[in-house]
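A.B. asks:
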Amino acid sequence: MASGRPNKLAFLSMQAPAGYVAGLGRGASGFTTRSDIGPAREGPSAETVAAARARRGEDEGEDDDDPERFQDPEEETGLFATAVYEKDDEEADRIWDSVDRHMDERRRKQREIREAVEREAIRQSQPKIQAQFADLKRNLASVSESEWASLPEPGNMTGKRRKAASLRESRDNRTYAMPDSMLASARDRNQIQNTAADVDGTVSSLTEIGEARNKVFSHQLDQVSTQSQMASSGTSSTIDPTGYLTELSSVHVKSDVEIGDIKKARSLLDSVIKTNPKHAPGWIAAARLEEVAGKMTMARKVIAQGCELCPRSEDVWLESARLNSRDNAKMVLARAIQFQSQSVAIWLRAMSLETDLESKKRVVRKALEHIPHSVKLWKELVNLEERPEDARVLLAGAVEAVPMSVELWLALARLSSPSDAKSVLNRARRTIPTSHEIWIAAARLLEESGEAAERIDKTMKAAVASLHKAGALLSRDQWLREAEQVDKEGSPLTCAAIVRATMHLDIDDEDRQRVWTEDADTCLEHGRIATARAILSCALDEFPDVLDIWQQAARLERMHGTHELFTALLERGVEQCPQAESLWLLYADDRRRAGDVSGARTILARAFDANLGSESISLAAATLESDLGDMHAAAKLLMRAREEVRTERVWITSVQVAWRQGAYDDALTLAKNALERFPALEAVYTMQARLYETKGDLGAAREALAAGRRACPTSIMLWLLSSRLEERTGALIRARALLEKGRQAHPTSDELWAESAAVELRANSAAQAKTLLSRGLQACPSSGRLLSAAIWLEPRPARKSRAADALRRSADSPYVICTVARLFWDEGRYTQARDWFTKTVQAARTWGDGWAWWYAFEGTQPDGDAQRRQLLDKIELAEPKEGDVWTHLREKPEFAACSLRTLLPVAADEVIKQESD
């Protein structure tokens, strides 16, 4: 049985099957060793290789390993190494290089744009801590010193620290009873510590030695103090210790780095002056280096060597005088004059070293003996004279010595009497025929003498002709700059004469009007009113029938001129341009502002005769009568205008006048007739609805607004009035529905979106208002009205950052600028608030709400009364016509005829009232 049992280990003696790998089933991988495949095949022997080389005819030592056989085929050095490099190849290489550079430049721009976008995305997704707290850091600029000082100490911020501090204090304040023996032992121990044993065994008290040393030191200090007092009184020659200590405090201890730099610079400059000892700047630089190093003695020594080696350089002598004391500097300059007697700078430096006036004059006179033709020396000598008579005598000699100096001739003319000045200027003109300054001075002299403008004009025309003959004619721009300078110095007649004599130079006939009006605007920007007035006067003489020039001149006179000049200009304008309705209306308005009502009526009558059937003049006459309270005359004028003119504005004004009279039935009749003739008059529908609402007929008012919306589908105001009517009656749902329909018809109207948010705010639904503003900003992303409303819905800490973002998005909208000003006002930063209110009216001069907010702000300031008076004067020039509150007040009958000065305080109260509501 045992022999019949199978042997389980028999496979160990069997031959492995082909491809068998031990452990492959368990995840092992096979590998092959050299013992599996046997040794490698042996290569040819050396004898076999030699025989093969001999058969091919190769040398035995030649290496057949060609290093260039693996050369890149795209590389020209391997393929065309033996080819001739011609000009065509060079041109091709240059072209391909330019193409490569161009492609790389294109990729670089794209790469920079892509990298900038990626950086911006990373910055927005992962903002830095400093960016997150930037607004808080900016707020620190407004913290006052008292607020900084009132900040609590950080050690007292926690209760734990306060508890620990109180515990330490209680421990420090505890007292204990001590026995007398402990006090005695402490005294003895202190005595032992303050004694020392001498060599002979005696014990000395260190405390007594210190006291004796202090007494000796105090005695020495008293002696020094006594000596210093004697030195100050002149009885001793000791150094003042106070001054000595003050000098020591000014000594600057240099660092190792600065000392090393000085040493390097010194070695370099030594090389410079040794290589070229005649190089003056090298000596000056070396001396200044020693001065910076604090070695003044060495600096003086170096510059003295420079003076010896470079005696012909005035800079070296001047530097030596600067580095020396006053007395030594005088000796240095006296020696310098021996080599540089023609140097004006050295003489002036020597003059400045003198202390008394006579010595200064003596030095300058000595200088003029050597340099009699120096204008600078003559001017210095004249300036040193205290009496005008002596200065005039000197100038008389100066113009003889230097006859070509315009400055000296003009100075002599200014110091002479009027009659002598004329002869002086005539002599100067004959001596220097190419000087335009002398001609201008002559014209100014005539103006100061009270001569007529015609003579001044004649003088300047002669000046232009004389300069042209002498070949020294200036260009028109140069003459214009001279005119501006004369205007700045206060000679308007001479300025006008220069303009009239030279404005035709260097300009084509077809460009005269454009260039002259541009020059007038430029001079006005520079603040040269007389120059701009003269240019426009010349333009009006050449183009008397051009309305634009008359309007430009009228604006200038209204803003910068007198009332008489303005009136005279308008009279000339209406005579030259009788068909210019704007000039007639401006003239009548000026008479009305001046209180001359009859004059205004006369002007309008003249205007109507010159412009039969003119709509503007007819309406102006009717408005004038209605403002004066003569409604009967206004009605008659309007009735005549309705028959003769028959325009939309005439009918609208007729309804307005009837409404202001209180004749509601007549106004409704006129409105009905107007709509029959002009069915798309938005203003008439608006007045009709208000008339019905005033009479209490709300149904008719709704019907009028509905008819207006159908007839005027592009009108935003009718949708707003319809919603406000429903809101006033308490139908809030209908108001919202109307605004929703309006937004559907006009999805990009920021007025409708703002009104929708305002309705929700008045209904105490701030969250819905914020949602509506967000939707509105999606439709109108740059609307200043919506951005301003969104700022006020933000929490107080976030308003400033939201305002900065709104300024960037709205392109400086007046709504946003006014909101920023109100934010500063709310924070108590009144100076910044006033600046931003100024920016508001500068950004939109015709926006009445901005003026109203500014006027309301000034009412809360200590100096607000003066500022308010200035605002009342400015608003008459601005004449605002826009603004929600402003136009709402203007449409009311009681405010339709009031002046701007009267309306502004009412508008200020109204904006504050609406904000509080």
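Per my numbering, residue 544 is the first one in the sequence shown, and the count goes up by one each step.
For each residue, glycine too, the CB sits at the ideal point set by N, CA and C.
In this text, all values refer to a predicted model and were calculated from it rather than measured experimentally.
(1) Does E897 come out as helix, strand or coil in the three-state DSSP assignment?
(2) I'd like the span of the alpha helix (DSSP H) that includes D933, first residue to last.
(3) If you draw a straight line from the alpha carbon of V859 to that of T974, how long is it in whole angstroms?
(4) Would the stretch 1372–1382 and the stretch 1330–1349 be scored as touching if the rule is three or more Cβ pairs under 8 Å?
(5) Assuming contact is defined by CB atoms lying nearer than 9 Å, are M1102 and T1045 in contact in what I supplied?
(6) With a threshold of 6 Å on Cβ separation, who are the neighbours of V1363 within its own chain once the five nearest residues in sequence on each side are excluded?
(7) For the alpha helix (DSSP H) holding W1022, just list the boundary residues, first then last.
(8) For P1357, report the span of its alpha helix (DSSP H) as first-last.
(9) Between V949 and E980, which are expected to be in contact by the criterion C-beta below 8 Å, what is the C-beta distance as a whole number of angstroms?
(10) Counting along the chain, where does the alpha helix (DSSP H) carrying H645 start and finish?
(11) Classify S1258 as buried or exposed, calling it buried when 16 or more other Cβ atoms lie within 10 Å of its own Cβ.
(12) When you compare only the Cα positions, how much space is there between A1309 and A1297?
(13) Please work out which residues of its chain come closer than 7 Å, Cβ to Cβ, to A1386, disregarding the five sequence neighbours upstream and downstream, and give them in chain order.
(14) Counting pairs of beta carbons, one from the stretch 823–835 and one from the stretch 853–867, are three or more of them closer than 8 Å?
(15) With burial defined as no fewer than 16 other Cβ atoms inside 10 Å of the residue's Cβ, what is the status of T1229: buried or exposed?
(16) Spell out the partners DSSP gives W1390 in its beta bridges.
(17) Tell me, please, whether the stretch 899–919 touches the stretch 873–887 by the rule of three or more beta-carbon pairs shorter than 8 Å.
(18) For A1332 versus T1291, is the C-beta distance shorter than 9 Å?
(19) Would the stretch 1170–1187 count as touching the stretch 1411–1428 if we require 3 or more Cβ pairs under 8 Å?
(20) Excluding the 5 residues preceding and the 5 following V1227 in the sequence, name in chain order all residues of the same chain whose CB lies nearer than 8 Å to its CB.
(21) Near Q1457, what residues of its chain come up, given a Cβ to Cβ distance below 8 Å and the 5 sequence neighbours on each side ignored?
(22) My assumption, with CB atoms under 8 Å, is that K904 sits in contact with L937. Please give the rounded CB distance.
(23) In terms of residues, what are the limits of the alpha helix (DSSP H) holding P1290?
(24) Taking its Cβ as the centre, do 16 or more other Cβ atoms sit within 10 Å of D870, making it buried, or is it exposed?
(25) Do the stretch 1423–1439 and the stretch 1363–1375 make contact, defined as three or more Cβ pairs closer than 8 Å?
(26) With I1195 as the anchor, note down where its alpha helix (DSSP H) starts and where it stops.
(27) Is A774 helix, strand or coil when you go by DSSP?
(28) Can you give me the C-alpha to C-alpha distance between W1022 and I1041, rounded to a whole angstrom?
(29) Under 9 Å, do P1324 and R1352 count as touching if we go by C-beta distance?
(30) Give me the Cα-Cα distance between L1295 and A1223, rounded to the nearest whole angstrom.
(31) Report the CB separation of D1293 from S1326 in whole angstroms; it is logged as a contact under 8 Å.
(32) May I have the straight-line CA-CA distance separating H1431 from A1206, to the nearest angstrom?
(33) To the nearest angstrom, report how far apart M894 and E1061 are at their CA atoms.
(34) Out of curiosity, what's the CA-to-CA distance linking A1289 and D640?
(35) Go ahead and label D1392 buried or exposed: buried means 16 or more other beta carbons lie within 10 angstroms of its beta carbon, across all protein chains shown.
C.D. replies: By the coordinates alone:
(1) coil
(2) P931 to A944
(3) 39 Å
(4) no
(5) no
(6) A1346 and W1379
(7) R1019 to K1031
(8) P1357 to E1370
(9) 5 Å
(10) K630 to S668
(11) buried
(12) 13 Å
(13) D1355, P1357 and I1360
(14) yes
(15) buried
(16) E1425
(17) yes
(18) no
(19) no
(20) W1194, I1195, V1198, A1214, A1217, L1218 and F1221
(21) V1428
(22) Rounded, the Cβ-Cβ distance is 10 Å, inconsistent with contact.
(23) Note, P1290: premise wrong, no alpha helix (DSSP H); not H, not E.
(24) exposed
(25) no
(26) E1191 to Q1204
(27) Here A774 scores only 40 on pLDDT, less than 50, and its place in the model should not be relied on; the value that follows carries that caveat. Here A774 sits in helix by DSSP.
(28) 7 Å
(29) yes
(30) 21 Å
(31) 4 Å
(32) 21 Å
(33) 51 Å
(34) For the record, residue 1289 in the displayed sequence is His; it is not Ala. H1289 and D640: Cα-Cα distance of roughly 58 Å.
(35) buried
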